[in-house]
Every structure is written in structure tokens, then in C-alpha cells.
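Numbering (the numbering used here), first residue to last: 106 to 225.
All C-beta atoms in this analysis are idealised placements derived from N, C-alpha and C, irrespective of residue type, glycine included.
Being a predicted model, the structure only gives us computed values, none of them experimental.
Accompanying notes for the structure given below.
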């Protein structure tokens with residue numbers, strides 16, 4: 106019996122110091138902030154704590170040395186958040202890179218069949 110195996114890749118980006126800056130989790134959070142215009146609502150919809158969401162965004166902003174989300178404080182109407190131009194660009198470039206990698210993996214000859222050695 107043969108088993109088919111397929112290549113998979115987990116994508117993340119690091120800064121020049123080798124520190125992890127962002128990957129799919131942060132990009133998904135940024136997309137949710139763009140959709141809901143709120144870090145709180147975005148984090149709830151992703152089953153992520155608000156505190157963790159803020160931490161991830163702050164860490165990425167510090168390591169990238171740019172602002173990704175413009176925040177306005179709450180009040181009677183509540184606060185709001187929106188992606189900056191840098192935040193939007195980051196999402197677009199990440200998703201484009203992800204699509205290109207997946208396309209390459211699908212079109213490559215990396216899919217293999219491996220002979221199974223299980224005893225029956």
C-alpha cells in the first residue's frame with residue numbers, strides 16, 4: 106500500500122534581527138479589525154483575548170517600527186480601530202505571498218507516494 110504525501114509550508118516573516126514579526130495569526134487579526142472596525146470585536150470573533158490581540162499588534166508594530174492600526178478611544182459612541190496604509194499593505198503582501206507559495210506547491214512535482222511498511 107502506498108501513502109500520498111503533500112508538501113505544506115507555514116509562512117511567517119522575521120525582521121533583520123531574526124525576530125518573528127508576523128504570520129497568519131496577526132494577518133487574520135488585522136483582517137478582522139478591518140471588517141469590524143474594532144480590536145475588541147475582532148478578537149472576540151477570533152476566540153482570542155483582547156489583551157493578547159493588543160499584545161500581538163503592539164509587538165508587530167514595535168518590531169516593524171510602524172503603526173498598523175489607528176485606534177480611537179471609546180466614549181459614548183465607543184471606540185474604533187482601522188488599519189493604516191501600512192497595515193493594509195502588510196495584509197495584501199502577506200496574502201499575495203501565501204497564494205504564490207501555494208500555487209508553486211500545487212504546480213510542483215513535490216507530491217509523492219511512499220510505500221507503507223505497516224504490518225498487517
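| Asked | Found |
| --- | --- |
| So is residue 123 buried or exposed if we call it buried at 16+ other beta carbons inside 10 Å? | exposed |
| Given this structure, state the Cα-to-Cα distance separating residue 159 from residue 110, to the nearest angstrom. | 38 Å |
| In three-state terms, what does DSSP make of residue 126? | strand |
| Report the three-state DSSP secondary structure of residue 116 (helix, strand or coil). | coil |
| In whole angstroms, what is the alpha-carbon distance linking residue 128 and residue 155? | 18 Å |
| I need the boundaries of the beta strand (DSSP E) containing residue 121, first residue and last residue. | First-last for residue 121: undefined, no H or E at that position. |
| Alpha carbon to alpha carbon, how far is residue 191 from residue 212? | 31 Å |
| Looking only at its chain, what residues have a beta carbon closer than 8 Å to the beta carbon of residue 151, apart from the 5 residues adjacent to it on each side? | 133, 134, 137 and 158 |
| Short check: CB of residue 188 to CB of residue 175, under 9 Å? | yes |
| Can you name, in chain order, every residue of its own chain whose Cβ lies under 7 Å from the Cβ of residue 119, other than the five neighbours on each side? | 125 and 126 |
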